[in-house]
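Structure first, then comments.
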Amino acid sequence: MDLSTILSSIFVNYWYIGALSAICSAISAAMGDILTRYSFVYEESLPESERRILLLRPYWLCGMTLTIILNPLITLFAYSFTAASVIMPFVGLQIILSLVFAHFILGEHIRIIDYVAFGIISVGITVALFCGAKYIKINTDEFSITDAYIAYNAILGISLAICICLSLPINPLIFWTKLQRFCITAVSGLAGAACCVSAKGGILLIEIAASGEWFKYFNPYLVGNIFVCISMAIIQVFYLNWALLRYPATFVVPVVNSVLIAVGSTGAIIVYQETPRNSLGFILGVIAVIIGIIMLSHASNDRTHCSIRGPREINKDINNLQKHILMSQASTAVNSFEASSISNENTENIIDLETVNLVDK
């Protein structure tokens, strides 16, 4: 039995390892997004002269490490054990964790509607997991150029180009500002979906190398797929940083991941022919996840912004405290002076009375 057969056997029989890996990936991505947002908000709280470049910000470096290094590695590992269309809905778990982390790290509040959305997303993930194509067989023939594949990539490319154009600061109108906010955030989701779908090409190349028959099974489209994966990853990171710099994480994370789930799950089914075990159940599960994400995104419009306190706020509080102390001391001194004056007047009055009494006597 060669290495390729052994790998295929492992990948087919241990799909739940892929599901557990997807959970770890969601944790990594959620913490990475929040730390990235935290770095931007914290630097904004510093005086202009004390702000640092990105490479000197420890929170930003940690966030980017979790987002663009650890998360993709875990995701690729998960793709080896289960279908990509099943991995996608776990992005909903990332959103739940992001809001929890945002509550404890950024000081943002969780409301009743958030808990309702959490429940809907959790149910959607569970349904999609049990109805999706859990078992996969890795082989190079599954990657083929079909009409559906061409149409999917054409629509994805056009949508990405439109969102990039609309994200440019051209028109200051309120409607355009809201549209621009959505487009900046959606670009990261579209690029992330393309990256996730293309990432499986890397798994196929690993399988080819493990089989020892590179020239027999090599597919030139796989190389292009890897190139697309790397390019989309760069675009995703750039626009994710741009979105987190300008908007709250409670808006950015739900929008990015709702686009990623909808586009990525569809792409995984079209590109890799991953037919769900129960198509209706899988579609309903994905729809439930997207509905929950939309609820979170809508609720984020009225959400209290993060309350990170930097040195500038702390110094302001110290100055206010010092002013309060000085005013209290001044007030105490005035009261003491007034009390002393009253006491002196009383003493003088007593002396005058005693003098009058002595004169009378």
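Residue 98 in UniProt numbering is what sits at position 98 of the sequence shown, and the numbering runs on without skipping anything.
No residue lacks a Cβ here, since even glycine has one placed at the ideal position from N, Cα and C.
These figures come from a predicted structure and were not determined experimentally.
Following the continuous alpha helix (DSSP H) through residue 392, name the residue where it begins and the one where it ends. A question about residue 392 goes unanswered here, because the residues of the chain that appear run from 1 up to 361.
Test item: CB-CB of L128 and G285 under 8 Å: Correcting the residue identity first, residue 128 is Ala in this sequence and not Leu. A contact, by the Cβ cut-off of 8 Å.
Buried or exposed: G119, going by 16 or more other Cβ atoms within 10 Å of its Cβ? exposed
Report all residues from its chain with a CB closer than 8 Å to the CB of D147; omit the five preceding and five following residues, and keep chain order. none
With a threshold of 8 Å between beta-carbons, can I261 be considered close to chain C, or not? Among the chains of the structure shown, chain C does not appear; only one protein chain is present.
Flag this pair as yes or no: are the beta carbons of I68 and A249 separated by less than 8 Å? no
Y79 vs A199 beta-carbon contact at 8 Å: yes
Nearest residue (CA-CA) to L168, options T266, L156, I184, S98: I184
Buried or exposed: where does F227 fall if 16 or more other Cβ atoms within 10 Å of its Cβ makes it buried? exposed
Within its chain, find whatever has a CB closer than 8 Å to the CB of L156; leave out the 5 residues flanking it on each side and keep chain order. L190, A193, A194, V263, G267
Please state whether DSSP places Q273 in a helix, a strand or coil. coil
Backbone CA spacing between A19 and C131 [nearest angstrom]: 13 Å
In this structure, does DSSP put S307 in helix, strand or coil? With a pLDDT of only 47 at S307, under 50, the local geometry of the prediction cannot be trusted, and no value is derived from it.
Let's test the definition: count the other Cβ atoms within 10 Å of the Cβ of I290 and tell me whether it reaches 16, buried, or not, exposed. buried
For the segment 25-33 against the segment 90-102, do three or more pairs of beta-carbon atoms, one drawn from each stretch, fall closer than 8 Å, so that the two count as touching? yes
For V237, which residues of its own chain have a beta-carbon under 6 Å away from its beta-carbon, when the five flanking residues on both sides are left out? I68
Under a three-way DSSP split, which group does H103 fall into? helix
Tell me which same chain residues have a C-beta within less than 7 Å of the C-beta of S188, skipping the five on either side of it? Q236, Y239, L240, A243, V256
Let's test the definition: count the other Cβ atoms within 10 Å of the Cβ of L106 and tell me whether it reaches 16, buried, or not, exposed. buried
Spatial neighbours of W60 in its chain, beta-carbon cut-off 8 Å, leaving aside the 5 residues before and after: L35, T36, S39, F40, L54
Under DSSP, the alpha helix (DSSP H) around A83 begins and ends at which residues? Counting along the chain, A83 falls outside any alpha helix (DSSP H), and DSSP gives it neither H nor E.
The alpha helix (DSSP H) spanning F118 covers which residue range? 112-131
Continuous alpha helix (DSSP H) stretch holding P58: start and end: 58-65
Taking the straight line between their C-alpha atoms, what separation do you get for E44 and D114? 27 Å
Which whole-angstrom value is the C-beta distance of A288 and V123, which I expect to be below 8 Å? 6 Å
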